[in-house]
Amino acid sequence: MPVSTKTNSTRHAGNNKPEASFNRGYFSRILVSTFIFSATINALMLAMPLYSLQVFSRAIPSGNYDTLIMLTLIVVIALTLSGVLEMVRSRLLARAGNALEVRWRRRLTADALDAAGRGRPDTGPLADLIELKGAFSRPSLPALMDLPWAPLYVIGIYVIHPMLALVLVVSMLIMAVMGWIGYVAVKDINDESKLPAGRAQKLFEALASRSDTVRGLRMGNASLDAVNRDFLTASAMQGQGYERSAAIGAATKWVRMVLQIAVTGIGAWLVIEQHLSFGGMIATSMLVGRGLAPIEQTAGAWGGLVRSAQAVRRLLPLLKRLSREPERPSVPVESERLTVENLLFVSPRDQKPILRSVTLSIEPGETVCIAGPNRSGKSVLARLLAGVALPSAGTIRLGGLSVATLTPDSPEQGIGYLPQQVDLLPGSIADNIARFTSATREQVEEAAKAVGIHEWVESLPMGYETEVNDPLSPITGASARLIGLARAAFAQPPLLVLDEPTAGLDELGIKAVRAFVAACKERGATTIVMTHAPIFVDMADHTYVLKNGMAMELPRPEQQQAQPGAVNLARLRNLGPGNLGPQGPSAATAGAAG
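Quick note: the sequence shown, position 301, residue 300 per numbering that gives the first Met the number 0, numbers continuous.
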């Protein structure tokens, strides 16, 4: 039995702060640690040029083997420690990226789903999170952390000879400029190629998932031509970008080799002029190579660094906002009065009102039928009643709480919702019926029996383990709708919102749905049925008709004789924006027609 709302809210209120905390201190400690490691690594890397300088300046002229052995031992220890610190730094950064994803993926996913429910789907923050996580594991970040220590090598060379230090500074500037040119040269092409590539990928996935429709309409060749045209356009643009990148990369490599030759040549000239020792020349070459390494790696990763910086700029304000917002307390759905007051919903596409001034009051355990023609707003109202979408104005409350804020711990304590377009998620029939919870087989079978599909599911070769998205025999149409109805019936929720539950069903299916609605009424569940035909009018405690975006309550059948001017419920199917049309077909035939 669900716990009370107050108890649940109190229990979760104490956990909001640690769960939603941005935990800035953790990542600050990681970055400070890696920065200190970078400083130590760069200091230890000076051991190699110092070793060369000392060997050629002291050990060889003196012929002292003890000096040579001690210098070699010291430099090996320094290089070993540097390698260990680089490994630790890489692991720290990778773990920081994983920790960032673990802490925020679920929260950002929930935020993206909420945005989709408001009609503004946005998966950009999730993509930014993945980009930021990747930045922690790419080699460009350690190179960027080594960049502030590049002046250390300039100072080291300046001590040996100022002219060589000037050459190193000029080389750094040239390498940075070459990297920026490479980024600018391919940026626009890469951005433009994403549009046709994404369009082609979406169309191809749609063709693969709707292959029967494509083959039936004989539109395969035309569709494939459109896919190939976009793919080839994207490929051509990417090829052009690759050619530019390869050309600039080759030029950069040539410039780097010329700079190394220039350093070696100037060093040799200084040795000939006796301004520099041979050991100093070797040490200078090593210092130049080490000083240019972070510049070269950073310049070669301009694109990735810019993308990561843009992701941080977009994501950081959102994470700060979410960290200040407490997570929603866990509130189960209970059998309470459902009230709708002055409901207004404006289409986000054309800013036209779909529903306006809708007011309903549904007592616990009542069965309500909301009828209307196509495009009258029934599905929109169903989404609002289920808390899937948010109204533009007005309130929808269950027991005094907004339906959209009802977030139970488990889907078993949620709303039994059947959308008009049944979307079964990838997985087995049992997974979908159980809403992907760890339910027992008895619970799954109970929900299937409630809608009359247990025997049919058992007759399948894999039974309840049948994959709903099997490419050879996907479950669609009436079968998918009844599985979706069983999913709505799972765990006997106290509130059910069913949108066209009989669409596409034959007479046996309609009888099974009617029996299910009757069983829900008998056990005291609040059931709201959206329909365009009077199939459930005789079972309903209240019947409403959506007309011109407004809800009009109709009298019950026994009240019609006392009210000669009342609307004939048998003609409900043809109720439209205008006057009533000819009398519609019978309930069973209407349901079968879908």
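We treat Cβ as the ideally placed atom computed from N, Cα and C, and that holds for glycine.
Shown here for residue 127: same chain residues with a beta carbon closer than 7 angstroms to its own, the five before and five after excluded, namely 310, 313, 314 in chain order.
Among the bridge pairs identified by DSSP, residue 249 is matched with none. Across the set 432, 426, 403, 422, the C-alpha of 432 shows the shortest separation from the C-alpha of residue 411. By the criterion of a C-beta distance shorter than 6 angstroms, residue 195 is surrounded in its chain by 229, 232, 233, once the five residues flanking it on both sides are discounted. For residue 430, the CB contacts under 8 angstroms within the same chain, skipping 5 residues up- and downstream, are 424 in chain order.
Annotation: the segment 492-532 contains the following complete segments of the alpha helix (DSSP H) (minimum length 4 residues), in chain order: 506-521. Within a 10 Å sphere around the beta-carbon of residue 40 sit 16 or more other beta-carbons, which makes this residue buried. Around the Cβ of residue 217, a 10 Å sphere holds fewer than 16 other Cβ atoms; the residue is exposed. Across the structure, residue 529 and residue 468 are spaced so that their CA atoms are roughly 27 angstroms apart. Sorting 81, 130, 147, 333 by C-alpha distance to the C-alpha of residue 99 places 130 at the top. Taking a 10 Å sphere around the C-beta of residue 252, we find fewer than 16 other C-beta atoms and assign the residue as exposed. Using a Cβ-Cβ distance cut-off of 8 angstroms, the segment 180-194 and the segment 152-161 are not in contact, since fewer than three pairs of beta carbons, one from each stretch, lie closer than that value. Annotated three-state conformation of residue 394 is strand, per DSSP. Contact annotation, residue 386 with residue 417: C-beta distance approximately 14 angstroms; criterion of less than 8 angstroms not satisfied. In the three-state reduction of the DSSP assignment, residue 150 falls in the helix class, which pools H, G and I. Assignment of alpha helix (DSSP H) within the segment 130-197, counting only whole runs of 4 or more residues, yields 139-145, 149-159 in chain order. For residue 44, the three-state secondary structure derived from DSSP is coil. Assignment of beta strand (DSSP E) within the segment 363-387, counting only whole runs of 3 or more residues, yields 366-370 in chain order. With respect to the 9 angstroms criterion, residue 92 and residue 35 are not classified as neighbours on the basis of their beta carbons.
In the structure shown, the three-state DSSP call for residue 288 is helix. Separation of residue 247 and residue 266 (C-alpha to C-alpha, rounded to the nearest whole angstrom) is 28 angstroms. With a cutoff of 9 angstroms on beta-carbon distance, residue 390 and residue 354 are scored as near each other. Residue environment analysis places residue 507 among the exposed positions, since fewer than 16 neighbouring C-beta atoms fall within 10 angstroms of its C-beta. Taking residue 287 as the centre and dropping the five residues before and after it, the same chain places the C-beta of 167, 262 closer than 6 angstroms to its C-beta, in chain order.
Residue 553 counts as buried, since no fewer than 16 other beta carbons sit within 10 angstroms of its beta carbon.
Boundaries of the beta strand (DSSP E) around residue 352: 352-361. Distance from residue 294 to residue 149 at the Cβ level is roughly 7 angstroms; contact confirmed, criterion being Cβ atoms closer than 8 angstroms. Excluding sequence positions up to five before and after residue 486, its CB lies within less than 7 angstroms of the CB of 431, 432, 434, all in the same chain and listed in chain order. Where residue 303 is concerned, the enclosing alpha helix (DSSP H) starts and stops at 301-323. Leaving aside the five residues that flank residue 474 on each side, the residues in its chain whose CB is nearer than 7 angstroms to its CB run, in chain order, 423, 467, 482. Distance between residue 179 and residue 480, taken at the CA atoms: about 56 angstroms. Ranked by Cα distance from residue 540, the options 523, 531, 547, 549 are led by 523. Secondary structure note for residue 453: its alpha helix (DSSP H) is the uninterrupted segment 453-458. The beta-carbon separation of residue 45 and residue 123, rounded to 44 angstroms, does not stay under the 8 angstroms limit for a contact. Within its own chain, the residues whose Cβ lies closer than 7 angstroms to the Cβ of residue 549, once the five positions on either side in sequence are excluded, are 355, 356, 357, listed in chain order.
If you check the CB distance, residue 370 and residue 542 come in under 9 angstroms.
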